[in-house]
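What follows is a short report on a single structure.
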Amino acid sequence: MAESSPTIDESVVHPIESGGETAVYVRNACKSFGVGKRRATVLRNLDMNVKKGTIYGLLGASGCGKTTLLSCIVGRRSLDCGDVLVLGGEPGSPDSGIPGPRVGYMPQELALYGDFTIKETLEYFGRIYNLSPEFVKSQMEFIFKLLDLPPGHRYVKTLSGGQQRRVSFAVALFHEPELLILDEPTVGVDPMLRKSIWNHLVRLSTDHGRTVIITTHYIEEARQAGTIGLMRSGHLLAEESPQNLLASHGLRTLEEVFLKLSRTERAKKHGALTASGRPVRPADPSQPEDRGHDNPAFISNEDGIIGLTFSPSRENLEETTRNRHAVRRFNDSNVNSPTEDSGAAPFDSGEVITALIRKNFLITLRNIGMFAFVFLMPGLQSTLFCLAIGRDPTGLKMAVVNEELDPSVGRVCNYTTDCTYSMFSCRYLRFLDNTTIVQIPYQSLSDALDATLQGTVWGVIHFGHNFTEELLERQIDGNAVDKETIQASRIGITLDWSNEQIALTLQHRLVGGFNDFNRNLVTACDYQPVIPSIPVEFMDPVYGKKNPSFTDFMAPGIILTIAYTQAVSLTAAVFINERKQGLLDRSLVAGVRTSEILLAHLVTQFTVLVFQSSVVLMVMLLVFKITCQGSLALAMFITLLQGLCGMFYGFVVSSLCDQQTSALQLSLGSFFPNMLLSGVLWPMEGMSIYLRYLSYFIPLTHAIEALRCIFARGWGIDKPEVYYGIVVNFGWIVGLLLVCLTVIRVRKYTG
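Just so you know, we're using full-length UniProt numbering here: the sequence shown kicks off at 1 and counts up by one.
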């Protein structure tokens, strides 16, 4: 049977012009996402009206634009075109109170801190709204009784799903706002408690003049609302009281009304497309064009009424000029101040920041994994570095083939310490560092070389049959010595150079051992020890020690790398977690500014950074005695600056990424270029000239050079190498802060 298209009374479509007092007014609202072919229009010339002191219920399938419009109403997004006025002001404008204490918001997500108790949760939002302690106490008693909440000391994460929803509902009610926006507040709630909640909402609207916009999973539950909006595909099919809707369509349930209007809407669309000459697929009742939008069961079981959106289903809208005049009249006729019985006081930014800082510390301290990471990891990393890096290798096996020894006496190596010209090979082996070199005797040179090829030893030390005699003859003959004598007087050393550091260590020890042997022999024979030395002497160094440790070279870079990476890891997901759980939106709707959230995280993370930097420096300097010739305060200052640089880079990553995996990849992807190009592991002078220029644009490079100059040279801030590191760090901090604020601002209005 053909059905007539539903009509909407002009008094509903244009409530302002009919003189009704309106809480929420939307005219010609349009909103799209994406660009080009991927652009999707969510709101299409949407008009909406919610009267003050009423309960407005919304029914609509998932994806029809409810949440998008909600975010525009509470000031989280801006429209592409059209006007939105809430409680007499434009959301986001000064003194509008939106976002802020004039609105109470319960999102579909839980949007609660699991590590908070119920009492701490309500106290936290009480501080956010700047409520008096007396009001918080009395309101808490009332809310606990109304919603039958568990004991206040219970942690939110230990509650059942229904109990958590009740706590979320309590947060929205707590400060008695003028406008309540509730997204599925009764899901998982006992029927008796659901009735109690609805009775309270009715009392709020009738006795206190509160406006309630509610979405509910139970369609028939919407009968208790004063007005309901039936929404499909970005526009409103009907906006009327439940009784009038049922009476006008002659149906018994709202589900049947929704289905009828959806089919009518689809038929109208089909007819319009046919008239335009575009190909249209024939309508088939058994194969709905848009399942999920026409099927009431889909609405009930999947998303139901999960957001709020309001839109008239009129085809011909008023011209923009007429709408603008209506908006102005609406704005002039409404008062922009909270109601007298609202519990919220004027917003106090200091109180808000204090609440945010307290929240950040509680979350950190109550998360065991994060606590260990924050307070134990820096000291552990410093300890592992000092124990594992820069120390000389020990226990290196070297094959010794000494053909001077007599096989008949068991190749026993005897030597004397006096001026005796015999068994120089044994005397030389005595001066090798036994901690570094472990001497393994072999019978033949071929066996020793095979052991080296097999990786059993790191090299071979070989002495010929007449090594001592040939060495003496070489010294006596001088320039007249023949090649055979030179060949026979050599100590043949073959090393495995597959590991350069080990080979260099062995080379250094073997040469140093021969120099010690030579000096010992000359001294025993009453000659001057300097006679056998080469005429090159290294005097006392200007800076550092004659035998420096590679640990001392790397320590400044490792200190700054730990400070930087720890800060990045702590902040890279800070916005992602809150955004993913709905916590960020809930805080912003409560009136918390992005700058306050950023400042609170900055204070929290900077406090952690001071602790971490102190631990790292104490472990390095006091426990492992890393040399620091300069000012410890200046070293600490540069370390904190580098940590701040990492912190703001983490904020940028967190504001850019929507998923933790993306943030992790971006953070780790920047780690190795930072470490490899900044001079942590190797001097900058060893790089390609082109890479060297590139490394100057890395935040760690100049800071590491500055800290090395402080540690090894004792330089102060008057030296260019030191103050360059400070200036460059400040530049990076300011630049990253501006990028972070820009990204947050763009995301705020683009979603």
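Glycine included, each C-beta is placed from N, C-alpha and C at the ideal position.
Please report the straight-line C-alpha distance between residue i and residue j, rounded to a whole angstrom.
i           : j      : result
Thr309      : Lys260 : Residue placement at Thr309 is poorly supported in this model, since its pLDDT is 32, which falls under 50; the coordinates still yield a value, given next. C-alpha separation (whole angstroms): 20 angstroms.
Val728      : Ile717 : 14 angstroms
residue 771 : Ala633 : Nothing in the structure corresponds to residue 771, since the chain is present only between 1 and 751.
Arg263      : Leu245 : 16 angstroms
Glu123      : Lys31  : 36 angstroms
Gly735      : Gly34  : 28 angstroms
Leu87       : Ile98  : 9 angstroms
Ile710      : Ser631 : 7 angstroms
residue 820 : Val352 : Look at the range of the chain in this structure, 1 to 751, and you will see that residue 820 is not part of it.
Leu254      : Leu230 : 9 angstroms
Glu721      : Arg713 : 11 angstroms
Val74       : Thr67  : 11 angstroms
Ser425      : Val460 : 14 angstroms
Ala573      : Leu70  : 26 angstroms
Leu599      : Gln501 : 47 angstroms
Ser662      : Pro151 : 39 angstroms
Asn499      : Met423 : 32 angstroms
Trp732      : His702 : 11 angstroms
Phe169      : Arg579 : 19 angstroms
Lys37       : Asn45  : 21 angstroms
Met140      : Leu173 : 10 angstroms
Leu588      : Leu356 : 12 angstroms
Gln659      : Ile363 : 20 angstroms
Gly92       : Gly350 : 20 angstroms
Gln454      : Met398 : 13 angstroms
Lys489      : Val401 : In the sequence as displayed, the identity of residue 489 is Ser instead of Lys. So the alpha carbons of these two residues sit roughly 14 angstroms apart.
Leu617      : Leu641 : 15 angstroms
Ile534      : Leu396 : 28 angstroms
Tyr543      : Glu470 : 43 angstroms
Met106      : Phe116 : 18 angstroms
By alpha-carbon positions, which one of the options ends up nearest to residue i?
i           : options                           : result
Glu90       : Leu112, Gly250, Thr594 and Val26  : Val26
Ala40       : Asp526, Gly65 and Ile73           : Gly65
Tyr421      : Val460, Ile476 and Met370         : Ile476
Ala247      : Arg223, Glu265, His235 and Met231 : Arg223
Val42       : Ala503, Leu236 and Val481         : Leu236
Arg708      : Leu694, Tyr723 and Phe697         : Tyr723
Gly643      : Ile744, Val603 and Ile368         : Val603
residue 758 : Ser196, Ile118 and Met140         : No statement about residue 758 is possible, as the shown extent of the chain runs from 1 to 751 and does not include it.
Ile143      : Ser196, Gly100, Pro94 and Pro107  : Ser196
Arg586      : Thr121, Leu59 and Ser241          : Thr121
Leu59       : Leu445, Glu220, Thr186 and Pro378 : Glu220
Tyr649      : Gly92, Leu700, Val457 and Ala635  : Leu700
Gly234      : Ser62, Ala170 and Gly725          : Ser62
Val84       : Asn49, Asp95 and Phe116           : Asn49
Thr494      : Asn520, Thr417, Leu365 and Ala451 : Ala451
Glu21       : Gly209, Ala29 and Phe463          : Gly209
Gly161      : Leu666, Thr186 and Leu741         : Thr186
Asp406      : Leu668, Leu472 and Asn466         : Asn466
Val189      : His200, Ser205 and Gln164         : Gln164
Glu265      : His249, Phe671, Arg232 and Asp526 : Arg232
Ile558      : Gly126, Phe517, Val746 and Leu384 : Leu384
Contact check, residue i vs residue j under 8 angstroms by CB: the rounded distance?
i      : j      : result
Gly57  : Thr216 : 6 angstroms
Leu560 : Ile704 : 6 angstroms
Leu506 : Trp458 : 6 angstroms
Met620 : Ala555 : 6 angstroms
Would you please verify whether the beta carbon of residue i is less than 8 angstroms from any beta carbon of chain D?
i      : result
Pro556 : This model lacks chain D altogether; it includes just one protein chain.
With respect to 7 angstroms, is the separation between the Cβ of residue i and the closest non-hydrogen atom of the ligand GTP below this value?
i      : result
Met370 : This structure does not include the ligand GTP; it has no bound ligands of any sort.
Would you say the stretch 422 to 440 touches the stretch 377 to 390, given that touching needs at least three Cβ pairs under 8 angstroms?
-> No: the two stretches stay apart, fewer than three of their Cβ pairs being nearer than 8 angstroms.
Are at least three pairs of beta-carbons, each pair with one atom in the stretch 104 to 122 and one in the stretch 146 to 166, less than 8 angstroms apart?
-> yes
Would you call the stretch 130 to 149 and the stretch 178 to 186 touching, i.e. three or more CB-CB distances under 8 angstroms?
-> no
State whether the stretch 598 to 615 contacts the stretch 685 to 699, with contact taken as three or more CB pairs (one from each stretch) at a distance under 8 angstroms.
-> no
Evaluate contact between the stretch 615 to 630 and the stretch 131 to 145, counting only Cβ atoms and requiring at least three cross-stretch pairs below 8 angstroms.
-> no
Three or more C-beta pairs closer than 8 angstroms, one from the stretch 474 to 489 and one from the stretch 506 to 513: is that the case here?
-> no
Any alpha helix (DSSP H) of 4 or more consecutive residues that is wholly inside the stretch 596 to 657 = 632 to 656
What beta strand (DSSP E) runs, 3 residues minimum, are completely inside the stretch 51 to 87?
-> Considered as a whole, the stretch 51 to 87 harbours 55 to 60 and 81 to 86 as its complete beta strand (DSSP E) runs of no fewer than 3 residues, in chain order.
Counting pairs of Cβ atoms below 8 angstroms between the stretch 665 to 677 and the stretch 584 to 600, do you hit three or more?
-> The stretch 665 to 677 makes no contact with the stretch 584 to 600, as fewer than three CB pairs between them are under 8 angstroms.
Is it a yes or a no for the stretch 645 to 663 touching the stretch 564 to 579, going by three-plus beta-carbon pairs under 8 angstroms?
-> yes
On the three-pair Cβ rule with 8 angstroms, is the stretch 691 to 703 touching the stretch 610 to 620?
-> no
Along the chain, which unbroken stretches of the beta strand (DSSP E) at least 3 residues long are found entirely within the stretch 215 to 259?
-> 227 to 232 and 235 to 240
When the Cβ atoms of the stretch 446 to 455 are set against those of the stretch 371 to 388, are three or more pairs found closer than 8 angstroms?
-> no
Let me know the alpha helix (DSSP H) ranges lying completely inside the stretch 108 to 136, each 4 residues or longer, listed in chain order.
-> Listed in chain order, they are 118 to 128.
Only counting runs of 3 or more residues, tell me where the beta strand (DSSP E) segments fall wholly within the stretch 364 to 410, in order along the chain.
-> Secondary structure remark: continuous beta strand (DSSP E) runs of at least 3 residues inside the stretch 364 to 410, in chain order: 396 to 402.
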